[in-house]
Structure formats: structure tokens, C-alpha cells
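Asker: Below: one structure in C-alpha cells.
In my numbering, the protein residues as written are 37 to 137.
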């Protein structure tokens, strides 16, 4: 577990003037970057997702439902969080075809 990932939770609030404001809360965790399988990749493409990688966190308790992640200044959507039998957590990350940047 030697890679750093920034987990990001976005939320929208309304100010006193009725304007919607988006805020972000971010924190860093350690883990391991893994590849997505060929099957996952092509099934994702068929559904409009560009599944790029998986990120394994040593302890599932380090994840708090964040919906985005950042690795080396690249933003990803978290499309799946999977708790393994060893209590680690695998996050499947996508840069969706509709919102790829």
C-alpha cells in the first residue's frame, strides 16, 4: 500500500440568496493501484463508462461513501466499492465517456 489517493465528497448547499453552491471535502488514504479486467473494461464501455482502474484500500473503514477520487491530479468517479473477504476495500474508478476530461 504505497500510493496516495484523495477521496472527495461533493455536496450542494443553497446560500441565503437561493444560489446553489457546490463544496468539496477531501482527504487522503493509502492503497494500491490495480488494473481493471478486460471483461470489466468492455462491459463498462458497453454501458457508457470508461473503467480505468481499481484502487485497494487496506481497511474498508477508511472509506466513507465518497463519490469521487483523485490520483496525480486526475479526477475519477467511484462507480463501485467492494469489500473483500480480508476486509480491504476495492474502489472501481471511471472517467465516464460522457464526462471524461
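By construction, the Cβ of each residue, glycine as well, lies at the ideal position given by its N, Cα and C atoms.
From which residue to which residue does the beta strand (DSSP E) around residue 80 run?
Answerer: That residue, residue 80, is in no beta strand (DSSP E); its alpha helix (DSSP H) goes 74-82.
Asker: Between the region 69-78 and the region 43-54, do at least 3 Cβ pairs fall closer than 8 Å?
Answerer: Contact between the region 69-78 and the region 43-54 is absent, because fewer than three Cβ pairs lie under 8 Å.
Asker: What does a CB cutoff of less than 8 Å around residue 90 pick up in its chain, not counting 5 residues either side in sequence?
Answerer: 69, 70, 71, 72, 126, 127, 128 and 129, listed in sequence order.
Asker: Given residue 108, which residues of its chain have a CB within under 8 Å of its CB, disregarding the five upstream and five downstream residues?
Answerer: Taken in chain order, the list of residues that qualify is empty.
Asker: If you draw a straight line from the C-alpha of residue 115 to the C-alpha of residue 103, how long is it?
Answerer: So the alpha carbons of these two residues sit roughly 8 Å apart.
Asker: Excluding the 5 residues preceding and the 5 following residue 137 in the sequence, name in chain order all residues of the same chain whose CB lies nearer than 8 Å to its CB.
Answerer: Model confidence at residue 137 stands at a pLDDT of 41, short of 50, so the residue's coordinates are unreliable; what they give is reported in the following sentence. Around residue 137: 111 and 131.
Asker: Which residue comes first and which comes last in the beta strand (DSSP E) that contains residue 47?
Answerer: Per DSSP, residue 47 belongs to the beta strand (DSSP E) from 39-50.
Asker: Of the residues 46, 43, 41 and 93, which one's Cα is nearest the Cα of residue 120?
Answerer: Ranking 46, 43, 41 and 93 by Cα distance to residue 120 puts 93 first.
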